[in-house]
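In this note's numbering, the protein residues as written are 277 to 532.
Just so it is clear, CB atoms sit at the ideal spot from N, CA and C, and this is done for glycine as well.
These numbers were taken from a predicted model, which means no experiment stands behind them.
Working notes for the structure below.
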């Protein structure tokens, strides 16, 4: 039986809250910004490739189709965009299907039943594996419940509903809504994004520091945002420039 602590971890109601920690294998650096700021749509850096997806996320409202599907490879920014949608709505539920492995069918049904009480339900990693055997069935039931009540669902997936390994009865429902595809930023675009993040904070990076970050940090924009926040906290009063020495000192202090 799913205990209450685990249940609250899986099902987050209302705006995304609290602080998130980047896994050590990615960055070994805590995220200092609250999620309300970190994952706001205004902080999603689309580059050239993802502008249409961001515009669609902004336009996703109660007047939109019932479903919004975000497709993209790992570290393309899917979770950021999904949480940004939830924050825009201000009231909804968030479920990460990647954390549901090992749940019983009863617990999965309870999770989705309680989520259905919200006007918007966001499901991250809907095509995650392994997942509970009744995940797709419960997602299908949730979709129907939400639609009948005028609610909405937004999900992220690695593959399009037409190609994902899921029953036709669920993929056909998802395809009735908007489907957007995110492209993972390349190294050149990550450098542009990182400079923009630094500019937003009125700080600058030396070329050596910039190269070091791009070689060693996680590829996602969330990783870069987390790093920028930590570096800003480490600057001496009145200082705005970050060099390689300061960068290494900050990284080493987090690892130790």
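Looking from the CA of residue 471, the closest CA among 504, 325, 448, 444 belongs to 504. Counting along the chain, residue 487 sits inside the alpha helix (DSSP H) bounded by residues 483–492. In this structure, residue 401 and residue 373 form a Cβ contact; the two beta carbons are roughly 5 Å apart against a cut-off of 8 Å. For residue 376, the CB contacts under 7 Å within the same chain, skipping 5 residues up- and downstream, are 286, 384, 407, 408, 411 in chain order. Checking the DSSP bridge columns, you'll see residue 457 partnered with 347. Between residue 490 and residue 473, the C-beta gap is not smaller than 9 Å, which leaves the two residues out of contact.
Setting aside the 5 residues that flank it on each side, residue 390 is surrounded in the same chain by 287, each with a C-beta closer than 7 Å to its C-beta; the list follows chain order. Between residue 458 and residue 366, the gap from beta carbon to beta carbon reaches 9 Å or more. For residue 445, the closest alpha carbon among the candidates 319, 418, 432, 464 is that of 418. Note on residue 326: 16 or more other CB atoms within 10 angstroms of its CB, so buried under the neighbour-count rule. In the DSSP annotation of this structure, the continuous segment of the beta strand (DSSP E) that includes residue 431 starts and ends at 428–433.
Going by DSSP, residue 463 is part of the alpha helix (DSSP H) stretching over 463–476. Excluding residues up to 5 positions away in sequence, 519 lie with their Cβ nearer than 6 Å to the Cβ of residue 482 in the same chain. Contact between residue 347 and residue 436 is confirmed by a C-beta separation of about 5 Å, below the 8 Å threshold.
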